[in-house]
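Engineer: Numbering (my numbering), first residue to last: 8 to 145.
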Amino acid sequence: MMRLSAKDNTERILKCIEETREKNKKVPIIVEGRNDVIALRRLEFSGEIIKLHSRMSVEDFSTLLSRRYSEVILLLDWDHKGRKLTSFLIRHLAAYGVKTDFSLWKLCFSMASQMSNVESLPSVFYRLVSESETSRHI
8 MMRLSAKDNT
18 ERILKCIEET
28 REKNKKVPII
38 VEGRNDVIAL
48 RRLEFSGEII
58 KLHSRMSVED
68 FSTLLSRRYS
78 EVILLLDWDH
88 KGRKLTSFLI
98 RHLAAYGVKT
108 DFSLWKLCFS
118 MASQMSNVES
128 LPSVFYRLVS
138 ESETSRHI
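1. Apart from the five residues on each side of it in sequence, which residues of its chain come closer than 6 Å, Cβ to Cβ, to Asn124?
2. DSSP three-state label for Glu55, please.
3. Distance check for Glu140 and Ala102, CA to CA, integer angstroms please.
4. With C-beta atoms as the reference, is Leu81 less than 7 Å away from Ile37?
5. Helix, strand or coil: which one does DSSP assign to Glu39?
6. Figure out for me which residue from Val105, Lys106, Thr107, Glu126 has the closest Cα to the Cα of Cys115.
7. So what does Lys22 bridge to, in DSSP terms?
8. Pick helix, strand or coil for Val79, following the three-state DSSP scheme.
9. Whose C-alpha, out of Asp67, Gly40, Gly54, is nearest the C-alpha of His99?
10. Write down the C-beta distance between Ile147 and Leu50 rounded to the nearest angstrom, noting that I regard them as a contact closer than 8 Å.
11. What is the DSSP secondary structure of Lys106, reduced to helix, strand or coil?
12. What's the call for Asn31, buried or exposed, on a 16-neighbour Cβ count within 10 Å?
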């Protein structure tokens with residue numbers, strides 16, 4: 008498998024964020040907490056963002072989502088808890104016929120050394136944008 012250059016990887020991440028931002032205009036994003044919502048709003052995600060319900064089991068939350076949506080975007084943290092929740096939601100939502108998009112989650116997970124959670128996404132995004140603009144001028 009061929010490794011992507013830093014430039015290619017940056018372009019891939021920026022493109023994925025933009026595509027997810029656009030898709031979010033029609034498809035809700037599922038996150039873990041309030042700070043994740045704030046982080047995505049800082050990145051100008053304008054669509055519906057739903058926090059996991061802390062007082063509801065993940066099974067019940069999946070059932071609730073399946074009654075309202077045919078597709079969701081999963082963007083939970085990529086720590087151990089977030090990975091488990093993502094995997095669980097993918098399986099349960101699929102059982103209800105709900106399509107899950109976790110392409111941005113996978114890309115962020117591959118960059119776990121640079122960011123540990125959704126809250127860190129804006130700072131990484133703006134750093135990559137800055138580096139991308141700087142490299143164009145060189």
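Note that CB positions come from ideal geometry on N, CA and C, so glycine has one too.
Structural biologist: Inspection of the coordinates gives the following:
1. Position 117 of the sequence shown holds residue 124. So the list reads Asp84, once near-sequence residues are dropped.
2. To locate residue 55, count along the sequence shown from 1; it is residue 48. Correct three-state label for Glu55: coil.
3. Position 95 of the sequence shown holds residue 102. Position 133 of the sequence shown holds residue 140. So the alpha carbons of these two residues sit roughly 43 Å apart.
4. For the purposes of this step, residue 81 is identified with residue 74 of the sequence shown, where counting begins at 1. For the purposes of this step, residue 37 is identified with residue 30 of the sequence shown, where counting begins at 1. Yes. Within cutoff.
5. If you number the sequence shown from 1, residue 39 lands on position 32. Coil.
6. On the sequence shown, residue 115 is found 108 positions in, with the first residue counted as 1. Out of Val105, Lys106, Thr107, Glu126, Glu126 has the C-alpha closest to the C-alpha of Cys115.
7. Counting from one through the sequence shown, the residue named residue 22 turns up at place 15. Answer is none; Lys22 lacks a bridge partner.
8. Taking the first residue of the sequence shown as position 1, residue 79 is located at position 72. In the structure shown, Val79 sits in a strand (DSSP, three-state: E or B).
9. In the sequence shown, residue 99 corresponds to position 92, counting from 1. Closest by alpha carbon: Asp67.
10. This structure does not reach residue 147, given that the chain is present from 8 up to 145, and the question cannot be answered.
11. One-based indexing of the sequence shown puts residue 106 at position 99. Residue state, collapsed to three classes: strand.
12. Here residue 31 refers to the residue found at position 24 of the sequence shown. Asn31 is buried by the Cβ-count criterion.
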